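Shown next, in structure tokens, is the structure this report addresses.
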Amino acid sequence: MREVYKPIFVSVIGNILLAIIKIAVGLAYSSLALISDGIHSLSDVITSIIGFVGIKIASKPPDKSHPFGHSRFEPLFAFFIGLALFLVAYEIARDSIGRLLAGTSIEVNSIMLGVAVISILVKEAMTQYTLWIGKKLNNQILIADAYHHRSDVLSTIAVLFGLLAEKFGFKYGDSFAGFIVALFIGKVAIEIILQNVNYLTGTSPPFEVCEKIKETALSVKNVVGVHDLRAHYVGPKLHVELHIEVPPNLTLKEAHDISEEVKKRIEELEEVERAFVHVDIKGITK
2 MREVYKPIFV SVIGNILLAI IKIAVGLAYS SLALISDGIH SLSDVITSII GFVGIKIASK
62 PPDKSHPFGH SRFEPLFAFF IGLALFLVAY EIARDSIGRL LAGTSIEVNS IMLGVAVISI
122 LVKEAMTQYT LWIGKKLNNQ ILIADAYHHR SDVLSTIAVL FGLLAEKFGF KYGDSFAGFI
182 VALFIGKVAI EIILQNVNYL TGTSPPFEVC EKIKETALSV KNVVGVHDLR AHYVGPKLHV
242 ELHIEVPPNL TLKEAHDISE EVKKRIEELE EVERAFVHVD IKGITK
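Take a look at the structure:
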């Protein structure tokens with residue numbers, strides 16, 4: 002199994018098991034908090050499946066309809082995961098307000114508290130694993146999916162605090178905690194959405210990245226100048242176009258070899274997928 006698919010597989014299996022346990026215990030003890038948290042875990046299964054489909058499409062090689070590859074599908078699917086995460090935040094906030102207004106209370110026992118604690122530990126382990134692989138592979142879908150796992154951790158922490166509050170007689174504790182967690186989840190969702198909108202719309206990279214590209218080009222022997230540097234995101238990676246200046250005494254082959262070396266070094270940068278290099282003779286205006 003390819004490394005990129007392993008976190009998706011772990012996510013689907015883990016969330017199905019957690020959802021079954023939380024919903025079963027919630028139904029057994031009439032805990033709306035655990036039932037809602039179990040449904041939240043099922044929503045993670047859906048987003049993980051979306052992520053799997055997105056990775057499969059994004060990894061397809063270039064073809065006639067997509068001559069530069071399918072990498073933009075990766076942030077597209079990550080964008081939809083961000084939307085799903087935002088909807089989860091809305092649902093948690095709505096349920097929290099509903100419980101606040103209803104003012105209902107339940108009997109809390111050690112089984113319910115144990116399920117919440119186990120869920121937190123398992124989901125945080127899934128978060129760290131998926132985030133590690135996502136950052137290692139620079140895969141925006143896995144990173145978005147990791148933060149979706151984190152949203153489940155936060156919501157279950159709210160459930161745990163709520164259950165503890167219920168146990169000690171404060172029946173509104175879970176509602177307040179749930180609403181606060183919903184705000185945190187909504188913030189993460191908006192960040193994921195905005196980041197991937199930038200990837201999808203071909204925004205320019207930060208100034209520091211452009212400077213690194215320029216310095217990389219100038220590090221090649223006989224490159225005496227760089228101008229008209231342009232870069233934009235195609236999916237999570239950059240396509241770069243730039244003009245380099247070389248001395249006028251070089252042969253055509255030497256100038257070509259220099260441009261190939263510049264292209265090679267720039268494409269070795271972590272942020273860059275493809276570079277297009279144009280050669281200009283120093284002192285000759287276009």
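Just so we're aligned: 249 in the numbering used here is position 248 of the sequence shown, and the numbers increase by one with no gaps anywhere. Virtual Cβ for every residue (Gly too), placed ideally from N, Cα, C. Remember, predicted model here, so these are calculated numbers, not experimental data.
{"query": "How long is the line joining the alpha carbons of D288 and R100, rounded to whole angstroms?", "result": "Residue 288 cannot be examined here, being either before or after the span of the chain that is shown, 2 to 287."}
{"query": "Using three-state DSSP, classify I282 as helix, strand or coil.", "result": "strand"}
{"query": "Spatial neighbours of E272 within its chain, please: CB distance less than 6 Å, with the 5 preceding and 5 following residues excluded, ordered by chain position.", "result": "V210, L239"}
{"query": "So, does the region 120-134 touch the region 176-190, judging by three or more C-beta pairs under 8 Å?", "result": "no"}
{"query": "According to the neighbour-count rule (16 or more other Cβ atoms, all chains shown, within 10 Å of its Cβ), is P62 buried or exposed?", "result": "exposed"}
{"query": "According to DSSP, simplified to helix, strand and coil, what is E192?", "result": "helix"}
{"query": "Measure the alpha-carbon distance for V224 versus L251 and round it to whole angstroms.", "result": "11 Å"}
{"query": "Unbroken beta strand (DSSP E) runs of length 3 or more, entirely within the region 109-182: which are they?", "result": "none"}
{"query": "Are the CB atoms of A94 and A183 within a distance shorter than 8 Å?", "result": "yes"}
{"query": "Look at L288 and P8 and say whether their C-beta atoms are less than 8 Å apart.", "result": "This structure cannot speak to residue 288, because the chain is shown only from 2 to 287."}
{"query": "Skipping 5 residues on each side, what residues in its chain have a beta carbon closer than 7 Å to that of G15?", "result": "V123, M127"}
{"query": "Could you give the distance in angstroms between the alpha-carbon of S97 and the alpha-carbon of R231?", "result": "48 Å"}
{"query": "What is the DSSP secondary structure of G295, reduced to helix, strand or coil?", "result": "It is not possible to answer for residue 295, since the shown part of the chain is limited to 2 through 287."}
{"query": "What residues match up with R275 in a beta bridge as DSSP calls it?", "result": "H240"}
{"query": "Return the bridge partner residues of A232 from the DSSP annotation.", "result": "V241"}
{"query": "When the Cα atoms are used, what is the spatial distance from E212 to V227?", "result": "11 Å"}
{"query": "Beta-carbon separation of V247 and K215 under 8 Å?", "result": "no"}
{"query": "Is K287 helix, strand or coil when you go by DSSP?", "result": "Any reading at K287 is ruled out, since the residue's pLDDT is 48, under 50, leaving its predicted position unreliable."}
{"query": "Give the straight-line distance between the Cα atoms of Y173 and D45, rounded to the nearest whole angstrom.", "result": "27 Å"}
{"query": "Skipping 5 residues on each side, what residues in its chain have a beta carbon closer than 7 Å to that of V89?", "result": "H41, S44, S152, I186"}
{"query": "Classify Q129 as buried or exposed, calling it buried when 16 or more other Cβ atoms lie within 10 Å of its own Cβ.", "result": "exposed"}
{"query": "On the three-state DSSP scale, how would you describe E212?", "result": "helix"}
{"query": "Alpha carbon to alpha carbon, how far is T286 from P249?", "result": "Since pLDDT at T286 reaches only 49, below the 50 mark, its modelled position is unreliable, and the value read off the structure follows with that caveat. For T286 and P249, the distance between alpha carbons rounds to 12 Å."}
{"query": "If contacts are defined as beta-carbon pairs under 8 Å, then V241 and S260 qualify, I think. What distance do you get, rounded to the angstrom?", "result": "Going by Cβ atoms, the distance from V241 to S260 rounds to 13 Å, so no, they are not a contact pair."}
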